[in-house]
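Chemist: Quick note, the sequence shown lines up with residues 6 to 383 if you use the working numbering. Here's a structure for you.
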Amino acid sequence: MCKEICLHEAMKLICKQIDLALALNLANRAVSPNNTLPVLNNILLKAEGKKVFLSATNLEIAISSSFEADIENEGSLTIPAKIFTSYVSLLEDKEVELTVTNGNTLIIKSPGSETRMKGISSEEFPSAPKIEKGDSFKFPVKPVLEALEQVVFAASTNTSRPVLTGIFWKVVGRVVKLAATDSYRLGEKQFELSKDLGMDTSFIVPSKTAQELQKILENSKDEELEVRVGKGQIQFKVDGAELVSRLIEGNFPDYDKILPKETKTTAVLSTEEFLLGLKKVSVIVRENSNNVKVRIEKGKLLIFSDETQVGQGATEIVVENVKGEALETALNVQYLLDVLSHLKDTRVNFSLNDGLSPVMVTPAKTSGYIHIIMPLKV
């Protein structure tokens, strides 16, 4: 058997199990069940030079990951993503030998085990999109990750307005802004670069792409993210991983005009206590409309609900500081829970103008982030 395999090897390599498993897990995120094109259910395995490349696509996004290995013979094959990823995850953290035969079969050898998997020729796998022209720049990973964490959840899931299902990126000089809105709430995070990029550009990244980028950055050891924007497409590269996606066409709403320039009343309070109070009342209102009322008074913030079929809830929080008059508004409790759960500051500013104007939530210490929520009509 060994002689036969050696005579007909199309690819052979030896790598570490942990490297293979991590790369598979990353590429697997771009795989979506597809009955029309079976090859899209597969991950492309490619050995070239001194590296192994693993790639997958659902035709909306493409993710690839690479790592160094001992390559004896170069080659490629696509393997069913689910069984390939699952099997490798069960192997010991030792060396793994991968051999591809001319019969489109992958042989996986590790201490004490040998498994064969049937694949599909790599010639049937869609060519990876290339962005050769366009703007390119580098961002520090940490502020990009923080921005994604604080705005992605505000994007719309309603496809009737495609531009609202994406994350708006704007780069002007050395200032970078990320924003998302579903028209009922809006989150914007901005940060400054160490140097002026000398450009004024903007684009809209699909929220699903942004979520995948967030996952990649969470596990990245690199400190720099490479970005290239071409016609209708964008490419992100970091730590051996590459994410390519289409961009959303259209104009993002000019949201600056709805951002409160000043507010009448602001309460400064504990983020944790605010979250806990909202969670208590949300137990009651979730059975109805998610509608809660928030009232700022001298020295305290009140959270309460109207009578529902299951009852009524109310809680009171002592606040550190209140500026302005007593005001009350009605809000979707889930929107408040979302923004507060993504804040890293221990204290939060909760600001109102009146019961009909947008509410503004900002960290008490950290600058650059603002979240507004439209009030409910009661």
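Quick reminder that beta carbons are idealized off the backbone N, C-alpha and C, glycines included. Since we're looking at a predicted model, the values are computed, not measured.
(1) Report all residues from its chain with a CB closer than 6 Å to the CB of Phe-173; omit the five preceding and five following residues, and keep chain order.
(2) Should the stretch 293-302 be regarded as contacting the stretch 259-269, the criterion being three or more beta carbon pairs within less than 8 Å?
(3) Count Cβ pairs between the stretch 341-359 and the stretch 368-376 that sit closer than 8 Å; are there 3 or more?
(4) Does the structure place the stretch 73-88 close enough to the stretch 14-27 that three or more beta carbon pairs sit under 8 Å?
(5) Taking contact to mean 3 or more Cβ pairs, one atom from each stretch, closer than 8 Å, check whether the stretch 208-227 and the stretch 162-171 are in contact.
(6) Could you check where the alpha helix (DSSP H) with Gln-388 kicks off and where it finishes?
(7) Using DSSP's beta-bridge definition, name the partner residues of Gly-282.
(8) Could you give the distance in angstroms between the alpha-carbon of Gln-37 and the alpha-carbon of Gly-245?
(9) At the level of alpha carbons, what is the spacing between Leu-50 and Ser-94?
(10) In terms of alpha-carbon separation, which member of Pro-43, Glu-217, Val-232, Tyr-340 lies closest to Lys-138?
(11) Would you tell me roughly how many angstroms separate the C-alpha atoms of Thr-384 and Asn-47, rounded to the nearest one?
(12) Alpha carbon to alpha carbon, what distance is there between Leu-230 and Tyr-189?
(13) Within 10 Å of its beta-carbon, does Lys-194 have 16 or more other beta-carbons around it, so buried, or fewer, so exposed?
(14) Whose C-beta lies closer than 6 Å to the C-beta of Lys-114 among residues of the same chain, with five residues either side of it excluded?
(15) What three-state label does DSSP hand Asn-78 in the structure shown?
(16) Count Cβ pairs between the stretch 234-254 and the stretch 150-162 that sit closer than 8 Å; are there 3 or more?
(17) Please report the distance separating the alpha-carbon of Glu-321 from that of Leu-150.
(18) Considering Cα atoms alone, identify which of Met-365, Ile-221, Thr-62 is closest to Val-273.
(19) Only counting runs of 3 or more residues, tell me where the beta strand (DSSP E) segments fall wholly within the stretch 155-192, in order along the chain.
(20) Gly-360 to Ala-335, Cα distance in whole Å?
(21) Whole angstroms is fine: what's the gap from Gly-282's alpha carbon to Lys-220's?
(22) Is Leu-345 near Thr-268, with beta carbons less than 7 Å apart?
(23) Fully enclosed by the stretch 250-336, which alpha helix (DSSP H) runs are 4 residues long or longer?
(24) Pull up the CB-CB distance for Val-243 and Val-146, whole angstroms please, since I reckon it's below 8 Å.
(25) For Leu-385 and Ser-294, what's the separation of their Cα atoms in angstroms?
(26) Does Leu-153 come out as helix, strand or coil in the three-state DSSP assignment?
(27) Who pairs with Glu-121 in a beta bridge, going by DSSP?
(28) Alpha carbon to alpha carbon, how far is Asn-358 from Leu-332? Give it in angstroms, no decimals.
(29) Among all the DSSP beta bridges, which residues are the ones paired with Tyr-374?
(30) Measuring alpha carbon to alpha carbon, tell me which residue in Ala-133, Gly-203, Asp-187, Thr-186 is nearest Val-177.
(31) Express the C-alpha separation of Val-180 and Val-327 in angstroms, rounding to a whole number.
(32) Would Leu-252 and Ile-239 be called neighbours here (beta carbons separated by less than 7 Å)?
(33) Is there a Cβ of chain D sitting closer than 7 Å to that of Asn-295, yes or no?
(34) Ile-239 bridges to which residues according to DSSP?
(35) Quick one: give me the first and last residue of the beta strand (DSSP E) that Ala-67 is part of.
Modeler: A quick look at the data gives this:
(1) Position 168 of the sequence shown holds residue 173. Close CB contacts of Phe-173 within its chain, under the 6 Å cut and outside five residues either way in sequence, are with Ala-184, Ile-209, Phe-257 (chain order).
(2) Verdict: no, contact absent.
(3) Touching, yes.
(4) Judged by Cβ distances under 8 Å, the stretch 14-27 makes contact with the stretch 73-88, as three or more pairs qualify.
(5) Touching, per the Cβ criterion.
(6) The structure shown does not extend to residue 388, since the chain is modelled only from 6 to 383, so the question has no answer here.
(7) The residue you call residue 282 lines up with position 277 of the sequence shown. Here Gly-282 is not bridged, per DSSP, to any residue.
(8) One-based indexing of the sequence shown puts residue 37 at position 32. One-based indexing of the sequence shown puts residue 245 at position 240. It is Ser, not Gln, that sits at residue 37 in the sequence shown. As the crow flies, the alpha-carbon of Ser-37 is around 22 Å from that of Gly-245.
(9) Taking the sequence shown and counting its residues from 1, one reaches residue 50 at position 45. Taking the sequence shown and counting its residues from 1, one reaches residue 94 at position 89. Straight-line Cα distance between these residues: approximately 16 Å.
(10) Along the sequence shown, read from residue 1 onward, the residue named residue 138 stands at position 133. For Lys-138, the nearest C-alpha among the options comes from Val-232.
(11) Residue 384 is absent from the model: the chain starts at 6 and stops at 383.
(12) Numbered from its first residue, the sequence shown carries residue 189 at position 184. Numbered from its first residue, the sequence shown carries residue 230 at position 225. Roughly 31 Å between the two C-alpha positions.
(13) The residue you call residue 194 lines up with position 189 of the sequence shown. When all chains shown are included, Lys-194 counts as buried.
(14) Against the sequence shown, residue 114 aligns to sequence position 109. Shown here for Lys-114: same chain residues with a beta carbon closer than 6 Å to its own, the five before and five after excluded, namely Glu-102 in chain order.
(15) Here the question's residue 78 lines up with position 73 in the sequence shown. Asn-78: strand per DSSP, three-state reduction.
(16) No, they do not touch.
(17) Translated into positions along the sequence shown, residue 321 becomes position 316. Translated into positions along the sequence shown, residue 150 becomes position 145. Taking the straight line joining both Cα atoms gives about 34 Å.
(18) Position 268 of the sequence shown, counted from the start, is the residue given in the question as residue 273. Here the closest residue by C-alpha is Met-365.
(19) Qualifying beta strand (DSSP E) stretches, in chain order: 171-177, 180-186.
(20) Working through the sequence shown from its first residue, we reach residue 360 at position 355. Working through the sequence shown from its first residue, we reach residue 335 at position 330. Approximately 7 Å, taken between the alpha carbons.
(21) For this step, residue 282 is matched to residue 277 along the sequence shown. For this step, residue 220 is matched to residue 215 along the sequence shown. Cα to Cα, Gly-282 sits roughly 30 Å from Lys-220.
(22) On the sequence shown, residue 345 is found 340 positions in, with the first residue counted as 1. On the sequence shown, residue 268 is found 263 positions in, with the first residue counted as 1. No; because the gap between Cβ atoms is not below 7 Å, this pair is not in contact.
(23) With a minimum length of 4 residues, the continuous alpha helix (DSSP H) runs that stay inside the stretch 250-336 are 276-290.
(24) In the sequence shown, the residue the question calls residue 243 occupies position 238. In the sequence shown, the residue the question calls residue 146 occupies position 141. Their Cβ separation, rounded to whole angstroms, is 7 Å, which keeps Val-243 and Val-146 in contact under 8 Å.
(25) The structure shown does not extend to residue 385, since the chain is modelled only from 6 through 383, so no value can be given for it.
(26) For the purposes of this step, residue 153 is taken as residue 148 along the sequence shown, with counting starting at 1. Helix at Leu-153.
(27) Here residue 121 refers to the residue found at position 116 of the sequence shown. Residue identity check: residue 121 is Arg in the sequence provided, not Glu. Ile-112.
(28) In the sequence shown, residue 332 corresponds to position 327, counting from 1. In the sequence shown, residue 358 corresponds to position 353, counting from 1. A direct Cα-to-Cα measurement between Leu-332 and Asn-358 gives close to 8 Å.
(29) Counted from its first residue, the sequence shown places residue 374 at position 369. Answer is Lys-194, bridged to Tyr-374.
(30) As a position in the sequence shown, residue 177 is number 172, starting the count at 1. Distance check between Val-177 and each of Ala-133, Gly-203, Asp-187, Thr-186 places Gly-203 closest, using alpha-carbon atoms only.
(31) Start at 1 with the first residue of the sequence shown, and residue 327 comes out as number 322. Start at 1 with the first residue of the sequence shown, and residue 180 comes out as number 175. When rounded, the distance between both Cα atoms is 32 Å.
(32) As a first step, residue 252 is located in the sequence shown; it is residue number 247 there, counting from the start. As a first step, residue 239 is located in the sequence shown; it is residue number 234 there, counting from the start. In this structure, Ile-239 lies closer than 7 Å to Leu-252 by Cβ.
(33) Going by chain labels, chain D is absent from the structure shown, which holds only one protein chain.
(34) For the purposes of this step, residue 239 is identified with residue 234 of the sequence shown, where counting begins at 1. According to DSSP, Ile-239 bridges with Val-234, Ser-250.
(35) Residue 67 sits at position 62 when you count from the first residue of the sequence shown. Per DSSP, the continuous beta strand (DSSP E) segment holding Ala-67 begins and ends at 66-73.
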